[in-house]
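In this note's numbering, the protein residues as written are 18 to 303.
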Amino acid sequence: MNPLFTKDFLEKNIEQILAIGTKMLRLAAVFIICMLLIKISRSIIRKFFDKQAKNQKIPLDERKARTMNSILFSLVKYSLYFIAAFTMLTELGIDEKSLIAIAGAGSVAIGLGAQNMIQDMLDGFFIVLEDRFAVGDIVTMQGVTGTVESISLRTTKIRDSNGAVHSIPNGSIGIISNMSKDYMNAVVDILVDYKEPTQKVLEILKEEALLCQNIKGLLDVPQVLGVAALGEWGVTIRIIAKCAVTENWSVERELRLRMKTRLEQENISLAHPPHTFPNVTKVRKE
């Protein structure tokens with residue numbers, strides 16, 4: 018019979034077995050409590066910022082509320098992880114003084130390797146404090162354009178138009194192009210044939226622009242800026258329209274459709290590349 022399961026062995030080592038079992042239960046309890054606290058804190062933080070966003074006396078912008086929610090939860094989560102790890106190491110018999118000594122001795126080595134991480138965390142705080150962008154904003158950073166899905170202490174996650182999620186360290190973001198600040202501009206370029214009278218075309222487009230005020234997402238009457246370029250095949254006339262955030266693409270599509278329809282009604286020709294035909298040579302049969 019295996020000596021591990023003999024009566025004598027159990028009687029002699031019962032105290033050690035109970036101590037190990039108790040220690041394992043305590044470690045499991047610390048882990049479970051840590052996970053529960055993270056789950057509870059997530060719910061409390063989300064409810065708090067949802068309430069603040071709807072507060073009539075001290076309203077908090079919904080975009081900023083989501084961002085603060087993400088940052089604060091990240092901070093609480095990492096703090097709970099640290100406390101749980103410290104408690105579990107203490108439970109394993111490593112006293113607090115030893116842990117502090119180990120932390121002090123290793124801080125230099127860890128600090129050298131964690132410079133980027135610390136920089137990421139600092140930039141994460143400044144992103145929120147300076148309101149560079151918020152969760153839900155459409156931004157371009159590090160060559161990626163998409164919607165900000167989350168901002169943590171270390172990284173910002175962006176989902177592009179293809180559905181891919183990009184995780185960018187906060188410390189390496191650099192230049193940010195935020196397309197969700199207050200309003201966006203819809204820009205439409207119309208290429209008109211050189212044979213058409215430019216002044217007449219401009220007048221027609223201005224008349225049609227006044228009729229476009231009912232386009233969804235439009236904040237002001239579209240402005241016909243005039244001739245933007247003289248190209249190889251025609252004159253480029255630019256129209257710009259102030260519209261709500263994220264509505265610029267739908268406004269541009271509707272403006273193109275309406276302007277093209279109006280020009281067709283006025284028998285105004287749009288420019289296009291000249292048709293070219295390949296040279297056809299007859300091959301004599303030998």
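No residue lacks a Cβ here, since even glycine has one placed at the ideal position from N, Cα and C.
{"query": "Tell me, which residues are paired with THR157 by DSSP?", "result": "THR162 and SER194"}
{"query": "Work out the CA separation of ALA226 and LEU219 for me, nearest whole Å.", "result": "10 Å"}
{"query": "With distances taken Cα to Cα, identify the nearest neighbour of LEU92 among GLY38, LYS68, PHE66 and ARG171.", "result": "ARG171"}
{"query": "Anyone know if the C-beta pair for PRO239 and ILE254 falls short of 8 Å?", "result": "no"}
{"query": "Using 8 Å for Cβ pairs, my map puts VAL156 next to MET196. What's the rounded Cβ distance?", "result": "7 Å"}
{"query": "Locate the beta strand (DSSP E) running through SER184, then write down its first and last residues.", "result": "182–186"}
{"query": "Taking DSSP as the reference, what is the three-state secondary structure of LYS302?", "result": "With a pLDDT of 46 at LYS302, under the threshold of 50, the modelled position of that residue is not reliable, and the figure given next carries that caveat. Coil at LYS302, not helix or strand."}
{"query": "Among ILE100, PHE103 and LYS68, which has the Cα closest to the Cα of ASN86?", "result": "LYS68"}
{"query": "Given this structure, state the Cα-to-Cα distance separating LEU222 from MET276, to the nearest angstrom.", "result": "7 Å"}
{"query": "Expressed to the nearest angstrom, what Euclidean distance is found between the alpha-carbon atoms of ASN17 and VAL244?", "result": "A query on residue 17 cannot be resolved here, the shown segment of the chain reaching from 18 to 303 and no further."}
{"query": "Taking the straight line between their C-alpha atoms, what separation do you get for PRO291 and VAL209?", "result": "14 Å"}
{"query": "Can you tell me whether ASP140 is helix, strand or coil according to DSSP?", "result": "helix"}
{"query": "Can you name, in chain order, every residue of its own chain whose Cβ lies under 7 Å from the Cβ of VAL262, other than the five neighbours on each side?", "result": "SER197, TYR200 and MET201"}
{"query": "Taking three-plus beta-carbon pairs below 8 Å as touching, is the segment 43–60 in contact with the segment 136–150?", "result": "no"}
{"query": "Mark LYS302 as exposed unless 16 or more other C-beta atoms lie within 10 angstroms of its C-beta, in which case mark it buried.", "result": "Residue placement at LYS302 is poorly supported in this model, since its pLDDT is 46, which falls under 50; the coordinates are not used for a value here."}
{"query": "Skipping 5 residues on each side, what residues in its chain have a beta carbon closer than 6 Å to that of CYS51?", "result": "LEU97 and ALA101"}
{"query": "Using a Cβ-Cβ cutoff of less than 6 Å, which residues in the same chain neighbour LEU247 once the five nearest sequence positions on both sides are dropped?", "result": "none"}
{"query": "Do you know offhand how far VAL268's Cα is from CYS260's?", "result": "8 Å"}
{"query": "Could you check where the beta strand (DSSP E) with VAL252 kicks off and where it finishes?", "result": "251–260"}
{"query": "Rounded C-beta distance between GLY163 and ARG149? I'm assuming under 8 Å.", "result": "The pair is not a contact, with the Cβ atoms about 16 Å apart (cut-off 8 Å)."}
{"query": "For ARG176, report the span of its beta strand (DSSP E) as first-last.", "result": "172–177"}
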